[in-house]
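S.K.: Quick one: the structure is below, and I'll ask about it shortly.
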Amino acid sequence: KAGVTQTPRYLIKTRGQQVTLSCSPISGHRSVSWYQQTPGQGLQFLFEYFSETQRNKGNFPGRFSGRQFSNSRSEMNVSTLELGDSALYLCASSLALAVQETQYFGPGTRLLVL
Amino acid sequence: AQSVTQLDSQVPVFEEAPVELRCNYSSSVSVYLFWYVQYPNQGLQLLLKYLSGSTLVKGINGFEAEFNKSQTSFHLRKPSVHISDTAEYFCAVLKAGNQFYFGTGTSLTVIP
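In the order they appear, the protein sequences are chains B and H. Last residue of the first sequence? That's 114 in the numbering used here, and every number before it is there in order. Last residue of the second sequence? That's 226 in the numbering used here, and every number before it is there in order.
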């Protein structure tokens with residue numbers, strides 16, 4: 001069974017631009033969570049989607065948004081990029097909500113904002 | 115308030131020696147506890163988790179952790195490490211509301 005895939009793997013943007021990252025979960029998984037990883041802040045939870053609905057959201061500004069499609073694939077969007085948004089963005093999928101089911105992580109998308 | 119504290123940012127240890135990576139959490143309610151490993155240029159992989167039941171949890175790759183409610187700790191241990199265990203290790207807590215909180219990570223370096 002294929003693992004969690006994230007596209008693109010690397011991305012360079014400039015301040016003020018917007019970016020969309022994609023995550024395809026493991027087949028059959030209905031929950032997708034997003035995380036931001038930076039050297040300074042570590043791993044921080046962004047949001048979790050289940051059955052196309054956002055079930056939980058971390059403490060991030062409204063510039064960060066996401067959605068989930070009927071096939072469970074998820075996208076994350078960051079508008080008006082700032083230098084501090086440079087990070088590794090990780091996606092994780094699980095069969096159901098992450099509270100009980102093991103999450104499987106993708107390799108991440110590394111975003112560099114110049 | 116910090117939900118998860120990993121007390122050691124870097125832990126060097128010789129090959130075949132035992133290791134303990136420390137994790138303390140802050141919560142007055144029931145939590146679920148996890149340890150993840152991240153190898154260079156890869157995503158996270160679940161090592162083990164504590165949801166309920168036995169306080170000693172066994173995971174993959176010979177790792178185990180013990181949940182201690184009175185000390186609010188969930189330390190990760192391995193009796194004999196290998197070179198391949200060199201990686202970043204993250205302790206995480208899942209609180210009510212399904213929010214994950216991760217520690218800042220412990221970099222384990224196994225010295226041959």
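Cβ coordinates follow ideal geometry from the N, Cα and C atoms, glycine included.
Determine the DSSP secondary structure at Ser31 of chain B, reduced to helix, strand or coil.
M.R.: Counted from its first residue, the first sequence places residue 31 of chain B at position 31. Here Ser31 of chain B sits in strand by DSSP.
S.K.: To be precise: take each residue of the region 148 to 161 of chain H, compare its Cβ to all Cβ atoms of chain B, and keep it if any distance is under 9 Å. Which residues remain?
M.R.: Result list: Phe148, Tyr150, Gln152, Asn155, Gln156, Gly157, Leu158, Gln159 and Leu160.
S.K.: So who's on the other strand from Ile225 of chain H, going by DSSP bridges?
M.R.: Taking the second sequence and counting its residues from 1, one reaches residue 225 of chain H at position 111. Its beta-bridge partners are H:Phe128.
S.K.: Taking only runs of the beta strand (DSSP E) that begin and end inside the region 158 to 183 of chain H, which ones reach a length of at least 3 residues, in chain order?
M.R.: As far as the region 158 to 183 of chain H is concerned, its whole beta strand (DSSP E) runs of at least 3 residues are 158 to 164, 170 to 172 and 178 to 182.
S.K.: What residues in its chain sit with their C-beta under 6 Å from that of Gln120 of chain H, if we drop five residues either side in the sequence?
M.R.: Working through the second sequence from its first residue, we reach residue 120 of chain H at position 6. Closer than 6 Å at Cβ, skipping near neighbours: Cys137, Cys205, Gly217, Thr218 and Thr220.
S.K.: With a threshold of 8 Å, are at least 3 pairs of Cβ atoms found where one atom belongs to the region 14 to 26 of chain B and the other to the region 35 to 49 of chain B?
M.R.: No, they do not touch.
S.K.: Please return the same chain residues whose Cβ sits closer than 8 Å to the Cβ of Ser70 of chain B, not counting the five positions on each side in sequence.
M.R.: Here the question's residue 70 of chain B lines up with position 70 in the first sequence. Counting only Cβ-Cβ distances below 8 Å, and skipping sequence neighbours, we find Glu52.
S.K.: Would Ala179 of chain H pass as a contact of Leu162 of chain H if the rule is Cβ separation under 9 Å?
M.R.: Position 65 of the second sequence, counting from 1, holds the residue named residue 179 of chain H. Position 48 of the second sequence, counting from 1, holds the residue named residue 162 of chain H. Yes, the pair counts as a contact, with Cβ atoms nearer than the cut-off.
S.K.: Nearest to Asn59 of chain B by alpha carbon, out of H:Pro226, H:Gln213, H:Glu129 and H:Gln152?
M.R.: Position 59 of the first sequence, counting from 1, holds the residue named residue 59 of chain B. The residue with the shortest Cα to Cα distance from Asn59 of chain B is H:Gln213.
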